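Participant: Here it is, the structure, as structure tokens.
Residue numbers (our numbering): 5 to 144.
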């Protein structure tokens, strides 16, 4: 029996049982990827990814166009939850004149991000009080 072990029997007690360095490297990379995935999931769970969207609308620029005025705005979602079909409403109340309302729907605003859009008015928004707000959304 000792003669078989000396002649290269693969099941012998003297066979090299070390793990190749490439296998250790691949295992280490796999471990880092799995730990990274769990870290991202935990971060989203504890930092508001499950919170409902909170949309803040701010006017950025008002310009005169053919037939009226255009107000460019930025809608920011300050929470972690995403919002789809976000309706933005702009209203101009100018003293004795009738108020004017314009609406637009933004397709999607991811959490902690913003989207730009524009509203058109026939009255000058700078002459009256312009109010911008999000009036509703749908869950994506």
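Even glycine gets a Cβ: it sits at the ideal position worked out from N, Cα and C. Just so you know, these numbers come straight off a predicted model, no measurement behind them.
From the DSSP output, in three-state form, read off residue 138 for me.
Facilitator: Residue 138 sits at position 134 when you count from the first residue of the chain shown. The answer is strand: DSSP assigns residue 138 an E or B state.
Participant: Is DSSP giving residue 72 helix, strand or coil here?
Facilitator: As a first step, residue 72 is located in the chain shown; it is residue number 68 there, counting from the start. If DSSP states are grouped into helix, strand and coil, residue 72 belongs with the strands.
Participant: Can you name the start and end residues of the alpha helix (DSSP H) that residue 27 belongs to?
Facilitator: Numbered from its first residue, the chain shown carries residue 27 at position 23. Run containing residue 27: 25-50, per the alpha helix (DSSP H) assignment.
Participant: Can you list, in chain order, the stretches of the beta strand (DSSP E) that have 3 or more residues and sit fully within the region 108-133?
Facilitator: List check, beta strand (DSSP E) in window: 117-125.
Participant: Three Cβ pairs or more, each shorter than 8 Å: is that satisfied between the region 117-125 and the region 75-92?
Facilitator: Yes: the two stretches touch, three or more of their Cβ pairs being nearer than 8 Å.
Participant: From the DSSP output, which residues share a beta bridge with residue 85?
Facilitator: Numbered from 1 along the chain shown, position 81 holds the residue referred to as residue 85. Paired residue(s): none; residue 85 is not in a bridge.
Participant: Under the assumption that residue 90 contacts residue 109 (Cβ atoms under 8 Å), give the Cβ distance between them as a whole number of angstroms.
Facilitator: In the chain shown, residue 90 corresponds to position 86, counting from 1. In the chain shown, residue 109 corresponds to position 105, counting from 1. So it is a contact: roughly 7 Å between Cβ atoms.
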